[in-house]
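Novice: Residue numbers (the UniProt record's numbering): 1 to 278.
Just so you know, even glycine gets a beta-carbon here, dropped at the ideal spot from N, CA and C.
Questions regarding the structure given below will be posed in turn.
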């Protein structure tokens, strides 16, 4: 199968950045995301080694009415036990599609997503360490490797599962980021109604994915609500900071990390790529 001349011409013209100087900013954001994700895995590994519920054969799952209801429906419908992990695999293409549709804003979108998810994982670390709840899945028994760092690495690459990963939900971070990416960054070549439709579909998928975490007993309702709220606040603060003059350290920091003030000095207000069309 060969590509048409029109497709080849489009690919030659396709450039995912506005200026080449954006690339180091994007690489830094990706590195921050990977680093924060690994440190979060280290926190999970620590809890699995120190898990006070690991040897408790009679441990009782904390009371959670929504979890009980959703899990009953989950079992009744005979949904796969690993459904949330399967949905995680589906959420990344939704993010990548939005990034690709950004064309010369693609690096900018990737950078914003990486910063937001990285900060989300960093905020999660103290919550994981502060309060230890019994895992909502009674069948989850920690099985850490003898080598602590190797076990943390295996958690990071998802070849092992942690039973200490409760408050708050790490799975919810990419689910919410997918929805927020489409909500806060409408596609410039789409109509307003098409953008609203796309954002609605992705948001419904993300919401159902978060509910699957509770139904499959990966997390309590508290874990998912706290994580979802944190990500919504982070994205709101980020885009609010982009819309302000850089006369306050937080606004200046966000705009510097975003690269917006550096490459668009005469346009501090977000463009149609950066805000929700109303």
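Threshold first: 4 residues or longer. Then list the alpha helix (DSSP H) segments lying entirely within the segment 111 to 195, N to C.
Specialist: Whole alpha helix (DSSP H) segments, 4+ residues: 148 to 156 and 172 to 184.
Novice: Please classify residue 272: does DSSP put it in a helix, a strand, or coil?
Specialist: For this step, residue 272 is matched to residue 272 along the chain shown. Low confidence applies to residue 272: its pLDDT is 45, below 50, so where it sits in the model is not reliable, and the reading given next is rough at best. Three-state result, residue 272: coil.
Novice: Which of the three DSSP states, helix, strand or coil, is assigned to residue 286?
Specialist: It is not possible to answer for residue 286, since the shown part of the chain is limited to 1 through 278.
Novice: Distance check for residue 38 and residue 32, CA to CA, integer angstroms please.
Specialist: Position 32 of the chain shown holds residue 32. Position 38 of the chain shown holds residue 38. The straight-line gap from Cα to Cα measures roughly 10 Å.
Novice: Can you tell me which of 238, 231, 220 and 249 puts its alpha carbon nearest to the alpha carbon of residue 62?
Specialist: Start at 1 with the first residue of the chain shown, and residue 62 comes out as number 62. The residue with the shortest Cα to Cα distance from residue 62 is 220.
Novice: Looking at residue 109: is its Cβ nearer than 8 Å to the Cβ of residue 181?
Specialist: Position 109 of the chain shown, counted from the start, is the residue given in the question as residue 109. Position 181 of the chain shown, counted from the start, is the residue given in the question as residue 181. Their beta carbons are under 8 Å apart, which means residue 109 touches residue 181 by this criterion.
Novice: Roughly how many angstroms separate the alpha carbons of residue 198 and residue 206, rounded to a whole number?
Specialist: For this step, residue 198 is matched to residue 198 along the chain shown. For this step, residue 206 is matched to residue 206 along the chain shown. Roughly 12 Å between the two C-alpha positions.
Novice: Less than 7 Å between C-beta atoms, sequence neighbours within five positions excluded: which residues of the same chain meet that for residue 140?
Specialist: Residue 140 sits at position 140 when you count from the first residue of the chain shown. Taken in chain order, the residues that qualify are 163.
Novice: With a 10 Å radius around its C-beta and 16 neighbouring C-beta atoms as the bar for buried, classify residue 22 as buried or exposed.
Specialist: Residue mapping note: residue 22 aligns to position 22 of the chain shown, counting from 1. Classification for residue 22: buried.
Novice: Measuring CA to CA, which of 236, 232, 217 and 245 is closest to residue 85?
Specialist: Within the chain shown, numbered from 1, the residue matching residue 85 stands at position 85. Ranking the options by Cα distance to residue 85, first place goes to 217.
Novice: List the whole-angstrom C-beta distance separating residue 155 from residue 45, where the pair is believed to meet the contact cut-off of C-beta under 8 Å.
Specialist: Counting from one through the chain shown, the residue named residue 155 turns up at place 155. Counting from one through the chain shown, the residue named residue 45 turns up at place 45. With 8 Å as the limit, residue 155 and residue 45 qualify as a contact, their Cβ atoms being about 6 Å apart.
Novice: Would you please state the rounded distance, in angstroms, between the beta carbons of residue 124 and residue 40? I believe it to be under 8 Å.
Specialist: Looking up residue 124 in the chain shown gives position 124. Looking up residue 40 in the chain shown gives position 40. That pair is a contact at about 6 Å.
Novice: For residue 247, count the other beta carbons within 10 Å of its own beta carbon; 16 or more makes it buried, fewer makes it exposed. Which is it?
Specialist: Here residue 247 refers to the residue found at position 247 when the chain shown is read from its first residue. The residue is exposed, with fewer than 16 neighbouring Cβ atoms inside 10 Å.
Novice: Can you tell me whether DSSP reads residue 20 as helix, strand or coil?
Specialist: If you number the chain shown from 1, residue 20 lands on position 20. Correct three-state label for residue 20: coil.
Novice: Straight-line CA distance for residue 174 to residue 203?
Specialist: For the purposes of this step, residue 174 is taken as residue 174 along the chain shown, with counting starting at 1. For the purposes of this step, residue 203 is taken as residue 203 along the chain shown, with counting starting at 1. Cα-Cα distance, rounded: 12 Å.
Novice: Over what stretch of residues does the alpha helix (DSSP H) that includes residue 91 continue unbroken?
Specialist: Position 91 of the chain shown, counted from the start, is the residue given in the question as residue 91. Taken as a continuous stretch (DSSP letters only), the alpha helix (DSSP H) holding residue 91 covers 83 to 101.
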